[in-house]
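Numbering (the working numbering), first residue to last: 1 to 150.
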């Protein structure tokens, strides 16, 4: 029996999307849904300034990639969760870690993917937690947070 030692942190074991992800903002801003060079969003990202964003772009347009670039340029910690597979407990713990980081003067990004598919309990928790902090909420037909249209 041989002793196999595999390094699963190696790039070869990462999902294809992660291996092909763009690594420079210049590569990214040429895409259809994204801002052009010299505009406010690319400038704030390159300067490492932090701000809140709600990205309601269609699937496959680079929301995760943009978040990774914001993390890279801003030298921040990033917590990545899925609204489909994560529960309130995981989201609560991630928010608490971000709060501790803020107390230690470290920046954090909480990225919750697939938020349009989250459970009613998570939806309710997020609304209670963040609705007071959101100045303006853009409601898109394909990405509503429990808002009825019509």
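We put the CB at the ideal spot given by N, CA and C, even for glycine.
Cβ shell of residue 45 (< 7 Å), same chain only, five flanking positions each side left out:
Once the five neighbours on either side are set aside, the close Cβ partners of residue 45 are 25, 69, 70 and 73.
Within the continuous alpha helix (DSSP H) that includes residue 93, where are the two ends?
Unbroken alpha helix (DSSP H) run through residue 93: 88-103.
Work out the CA separation of residue 23 and residue 92 for me, nearest whole Å.
Cα-Cα distance, rounded: 30 Å.
Helix or strand or just coil, what does DSSP make of residue 46?
helix
Return the CA-CA distance between residue 80 and residue 43, expressed in angstroms with no decimal places.
24 Å
Return the chain-ordered list of same chain residues with a C-beta closer than 8 Å to the C-beta of residue 48, the five sequence neighbours on each side being excluded.
73, 74 and 75
Taking DSSP's pairing of strands, which residues face residue 109 in a bridge?
78
Alpha carbon to alpha carbon, how far is residue 40 from residue 86? Give it in angstroms, no decimals.
33 Å
Excluding the five sequence neighbours on either side, which residues of its own chain have a C-beta within less than 8 Å of the C-beta of residue 117, listed in chain order?
83 and 84
In chain order, what residues of the same chain have a beta carbon less than 7 Å from the beta carbon of residue 114, not counting five sequence neighbours either side?
For residue 114, where only same-chain residues beyond five positions count, the Cβ hits under 7 Å are 82, 83 and 84.
Length of the line joining the Cα atoms of residue 58 and residue 78:
22 Å
Enumerate in chain order the residues of its own chain whose CB-to-CB distance from residue 121 is below 7 Å, with the five nearest sequence positions on each side excluded.
88
Just tell me which of 53, 64, 51 and 56 has its CA closest to the CA of residue 19.
64
Suppose the cutoff is 8 Å on Cβ atoms and the five residues either side in sequence are ignored; what does the same chain contact list for residue 102 look like?
108
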